[in-house]
Amino acid sequence: MTTVFIGGSRRLARLNDIIRSRADNIMRQHFAVVIGDANGTDKAMQSYFASKGYRNVTVYCMADRCRNNLGDWPTKHVSASRQKKDFAYYATKDEEMARAASYGFMIWDGKSKGTLNNILNLLKHQKKVLVYFSPDKSCHTLGSAPDLVSLLRRCSSIDRRKFEREFTLSTFAVAEEPGIDLFPARRG
């Protein structure tokens with residue numbers, strides 16, 4: 017069965033026609049959906065699926081607490097070795113969803129490191145991901161490092177540098193595709 021990992025930025029809580037159309041396509045094809053329990057995109061997508069009565073959804077939560085499950089769907093509780101509820105704690109759940117998925121659908125504002133981490137996890141597992149890039153309301157299908165590089169170039173230079181520090185993206189890109197430079201304008 018085809019499973020789609022849906023996620024996105026916590027700052028994006030409204031679904032436009034493009035995003036709803038993609039969700040409708042997922043439902044029309046009866047794909048299984050794995051989704052997190054965060055506010056923002058997760059909650060907005062949950063609300064949309066619940067409003068349509070779509071049942072083929074599993075909500076991933078950390079430990080024994082599920083922050084949002086608007087459709088009363090089955091849950092998968094993920095435990096982490098760390099107790100501090102920081103980025104790494106919740107990233108454990110996201111990694112599990114990336115492993116469980118056949119494909120990804122990410123709604124990204126070009127700033128959220130959590131959504132970028134999900135994209136990286138999917139690519140690391142050789143899974144394609146459709147990214148709705150909210151700054152210019154465009155969709156991009158990513159399947160490789162060059163695809164990611166192309167999308168990252170749409171982000172601000174400040175955000176690209178932040179991502180480079182956080183994820184060492186140039187190392188990822190070079191490992192996937194030698195000769196790619198994420199920061200061609202960088203000097204010294």
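In terms of the working numbering, the sequence shown opens at residue 17 and continues consecutively.
C-beta atoms are modelled at their ideal positions from N, C-alpha and C, and glycine is treated no differently.
query, result
"Taking the CB atoms as reference points, tell me whether Leu28 and Ser150 lie closer together than 7 Å.", "yes"
"Cutting at 8 Å between CB atoms, please list the residues of its own chain near Lys144, excluding the five before and the five after it.", "Tyr119, Gly120, Leu138, Thr157, Leu158 and Gly159"
"For Leu136 and Ser97, I'd like the C-alpha separation in whole angstroms.", "22 Å"
"Fully enclosed by the region 112–191, which beta strand (DSSP E) runs are 3 residues long or longer?", "119–124, 145–149 and 154–158"
"Looking only at C-alpha atoms, which of Leu164, Met43, Ile42 and Leu132 sits nearest to Glu111?", "Leu132"
"With which residues is Ala48 paired in a DSSP beta bridge?", "Thr19"
"Let's test the definition: count the other Cβ atoms within 10 Å of the Cβ of Gln62 and tell me whether it reaches 16, buried, or not, exposed.", "buried"
"Mind checking Met17: buried by the 16 CB within 10 Å criterion, or exposed?", "exposed"
"Taking the straight line between their C-alpha atoms, what separation do you get for His46 and Lys92?", "20 Å"
"Roughly how far, in whole angstroms, is the beta-carbon of Arg26 from the beta-carbon of Asn55, given that I think they are within contact range, below 8 Å?", "6 Å"
"Where does Gly69 land, buried or exposed, given buried means 16+ other C-beta within 10 angstroms?", "exposed"
"Near Ser128, which residues of its chain fall below 6 Å by C-beta distance, leaving aside the five closest residues on each side in sequence?", "Ser25"
"Quick check on Arg30: does DSSP put it in helix, strand or coil?", "coil"
"For Asn84, which residues from the same chain have a beta carbon less than 8 Å from its beta carbon, with the 5 sequence-adjacent residues on both sides left out?", "Asp53, Ala54, Asn55, Asp58, Lys59, Gln62 and Val75"
"With DSSP as the reference, identify every bridge partner of Tyr76, one or two as the case may be.", "Lys92"
"How is Arg81 classed by DSSP in three states: helix, strand or coil?", "strand"
"Under the criterion of a Cβ to heavy atom distance below 6 Å, does Thr184 qualify as lining the ligand FAD?", "For the ligand FAD, the structure offers nothing, since it holds no ligand at all."
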